[in-house]
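Inspection log for the structure reproduced underneath, given as structure tokens.
Numbering (the UniProt record's numbering), first residue to last: 1 to 925.
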């Protein structure tokens, strides 16, 4: 917004007219240290004209300027502005920026567990906090003039995306929304929806990167351009792969046998000595980047263990990227950032190794790190004191950590279910961090070559700019009761019809009718292939499926309880006790020579059997609790390595006159579940049970069912084009009505009324919100001590990573009973959800119960993590803190819902106090 010396008189006049029309923008621009780009000016002008704004621009382009102008306008007008971000770390970062600019009195922060100056004119908050304020009917909303939604493309997130749409739909009409998004290919569609639901909204799209991005591949020790004569190109421009790169990859690839494969056989049939390919070491990669002047760099490795290993490799190699002065600065910042961490926990946190790597200018960054460690890494990287960060892809989401160079080690990542190729959108998002505006002339993206990576594939990823925004919005239980409480069921349906999800569904016509017809033709063929009564075969298959489902459910319910009971019985064994080993090679009588008690691990009693074998037994050796059959006197000191000692003990055991207990007959109905027994009887009595062609018919029925399920899914997809969310909402209302959370309105106008149970549900914000409400309603957590309540509540928030899950262990006694009751409620709820065709509530996961229980009882972090490891779980300190805070969040909600006068509310309050200590309470989002 300043006159350029090269301006013509006409251009200068137009600029002066513009300044006169936009006085606030002129003042705001005058305070800036750089001249605004055209897209920034257009976005700010639209705001000053009174419009809402959607700004879509690449990472690092400076779209936050438009959000900060909304803050400027609010302060200038004496009104309020809320600045929302998707994660606490971003909120903390933006709060610090705005305090530095406008002062602490003008700016507040609300992130759920942090509240600073919440009544300020400008408040930075996570999006969930604003959603909760809207549902709670906060009086502050009436004073609100602007809401900035940073990283608004998060509404595509399948877990949290609905929150963004809830906020956009619920904000009063007078509030102007400023949406800041990464570049998406359907920005116009998103903008059209905003116009429909928010009124005047200007869409500003800018695909130009302020810092050009150069694409490279690292082949061995050579860094080669990906494209021939590459320049920053416009979308649709044809780019040619660098011929030198193609020659180099063919030459290097022909020299090596891929990992795991032998080279081709020689003349005599023996494998040739073709060497296997060994990828460029991380240290060599960093040194190559350093020599080329391409640091600081972010190296994306799609695995936590890989990031930690990379840091370790660089440190062990002696790599040092910082000088003495930088080392001192690192130590000061690290000391300040970690001053709240308990001294006694530093060892188990790996603090000293972590600090040594930082002093060398090397760091890792992933979700398993302690929050304070992650924030320290971010600060050091921004200040140029960390030169290389090995990170998982979570770093690409939001945190302001631009680098000169981004390196991708692989083009495949694990998505939680399978290894999949990176999409062009993901590639663009990851490499978008390269190039720091105002610091770098250009940014660099480097893909490390290895056999199997085709430069043409990389070229396709780098030149395709397709990143469509897809809504993940769907109604849930908490949302439903809040909507009914606020506006009534009918108005709530109208509101859901306005969502971006419904907007997109109504525009998309899925051409699946022909496929459905083909499937139906095949189904008719399957029906004719089955001999006998088709309906009866279907009925028989369903009976078998019900038996299988019931068996699995009972197994899940009983395994942990049985294990806990067995562990408790083993803890009671004493030296000399004679027990029965029920099965296996050691089956028979055994005498306990050492109870094997351990404060961390489950007991592993050492025994001697009648055939003189000696060794430890574990919980897994006993399908049920163990009872001492008698006791024999043993020497005070026993040397089990002595054959004579073992022989004497075995002889004493055989001569003790203790017999193996007889096998107890299983009484019908005593140990077998009644429902399962009834299903089995029905199966045996079914007409199809004795058919000779039964198994052949079953195979056709199974094919029929699979194809039927696929066809029904396609039909649902077609039906979803109209009124899909309203129908889902109605199904939720029916389930909530059946369970007593909604009731008929007293006025008899047909509207649903939120009951007392429903009012509790309005204040439970959790993925398992209705299950938590059911547990409160049915008193299944009543009588639990604070640590016990923390253990059971953790099952509703924790979700084990597939590669780190061990056998869950529960504290014996009340916790097992409460968990079993919680699981029963879950089974009943999911049955209702199946009947109403709703998404199933996630199954409770007991994988965090034992660690959080021990922490709540005051044990040290080292003992808690060691116990988790002994139980087969890989639980990092960062994961422990993250899950503990989520448990605290749900316990806080339970306390607020019930009040401290209620026994469960009081236990929840005490549990929060017990958990919020040490590393869990230390700073870091």
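Backbone N, C-alpha and C define an ideal beta-carbon position, used for all residues, glycine too.
- The criterion of a C-beta distance shorter than 8 Å is not satisfied by residue 619 and residue 574.
- Under the DSSP definition of a beta bridge, residue 82 partners with 123, 147.
- In this structure the stretch 144 to 154 lies against the stretch 69 to 88, because at least three pairs of beta carbons, one per stretch, are closer than 8 Å.
- Residue 8 counts as exposed, since fewer than 16 other C-beta atoms from the protein chains shown sit within 10 angstroms of its C-beta.
- Under the DSSP assignment, residue 897 falls in the alpha helix (DSSP H) whose first and last residues are 877 to 898.
- Within the same chain, Cβ atoms closer than 6 Å to the Cβ of residue 602 are found at 567, 619, the five residues on either side in sequence being excluded.
- For residue 296, the number of other beta carbons within 10 angstroms of its own is at least 16, and it is reported as buried.
- Residue 205 is not a Cβ neighbour of residue 44, given a cutoff of 8 Å.
- If you draw a 10 Å sphere on the C-beta of residue 138, you find fewer than 16 other C-beta atoms in it, and that means exposed.
- A residue is called buried once 16 or more other Cβ atoms fall within 10 Å of its Cβ, and residue 34, having fewer, is exposed.
- The three-state secondary structure of residue 282, taken from DSSP, is helix.
- Contact fails between the stretch 211 to 230 and the stretch 489 to 498, because fewer than three Cβ pairs, one in each stretch, are under 8 Å apart.
- Only exposed fits residue 419, as fewer than 16 other CB atoms lie within 10 angstroms of its CB.
- The beta carbon of residue 622 is closer than 7 Å to those of 566, 582 in its chain, skipping five residues each way along the sequence.
- When the beta-carbon positions are compared, residue 784 and residue 867 stay at least 8 Å from each other.
- In this structure, 411 is the residue among 46, 736, 411, 245 with its C-alpha nearest to the C-alpha of residue 424.
- Closest by C-alpha distance to residue 645, out of 609, 625, 483, is 609.
- Rounded to the nearest angstrom, the Cβ distance from residue 475 to residue 580 is 56 Å, too far for a contact under 8 Å.
- The beta carbon of residue 317 sits closer than 7 Å to the beta carbons of 283 from its chain, once the five residues preceding and following it are set aside; these are given in chain order.
- When 834, 903, 786, 873 are compared, the shortest CA-CA separation from residue 887 is found for 786.
- Contact annotation: residue 560 and residue 816 have beta-carbon atoms nearer than 8 Å.
- Secondary structure of residue 781 (DSSP, three-state): coil.
- The stretch 359 to 366 makes contact with the stretch 375 to 394: 3 or more CB pairs, one atom from each, lie closer than 8 Å.
- Per DSSP, residue 832 is one residue of the alpha helix (DSSP H) stretching across 814 to 835.
- Exposure of residue 159 is indicated by the presence of fewer than 16 other C-beta atoms within 10 angstroms of its C-beta.
- Residue environment analysis places residue 22 among the buried positions, since at least 16 neighbouring C-beta atoms fall within 10 angstroms of its C-beta.
- DSSP lists 419 as the beta-bridge partner residues of residue 414.
- Pairing residue 432 with residue 247, the inter-Cα distance amounts to about 28 Å.
- For residue 498, the three-state secondary structure derived from DSSP is coil.
- Counted as a single uninterrupted DSSP element, the stretch harbouring residue 533 is not any alpha helix (DSSP H), since DSSP gives it neither H nor E.
- Excluding five sequence positions before and after residue 107, the CB atoms of its chain that fall closer than 6 Å to its own CB belong to 98, 99, 120, 122, given in chain order.
- Comparing alpha-carbon positions, the option among 454, 469, 830 lying closest to residue 250 turns out to be 454.
- In this structure, the straight-line span from the alpha carbon of residue 346 to that of residue 185 is close to 47 Å.
- Exclusion of the five residues before and after residue 242 leaves 224, 225, 226, 227, 228 as the residues of its chain whose Cβ lies within less than 7 Å of its Cβ.
- By the CB criterion at 8 Å, residue 617 and residue 604 fall inside the cutoff.
- Residue range 52 to 56 is occupied by the beta strand (DSSP E) that includes residue 56.
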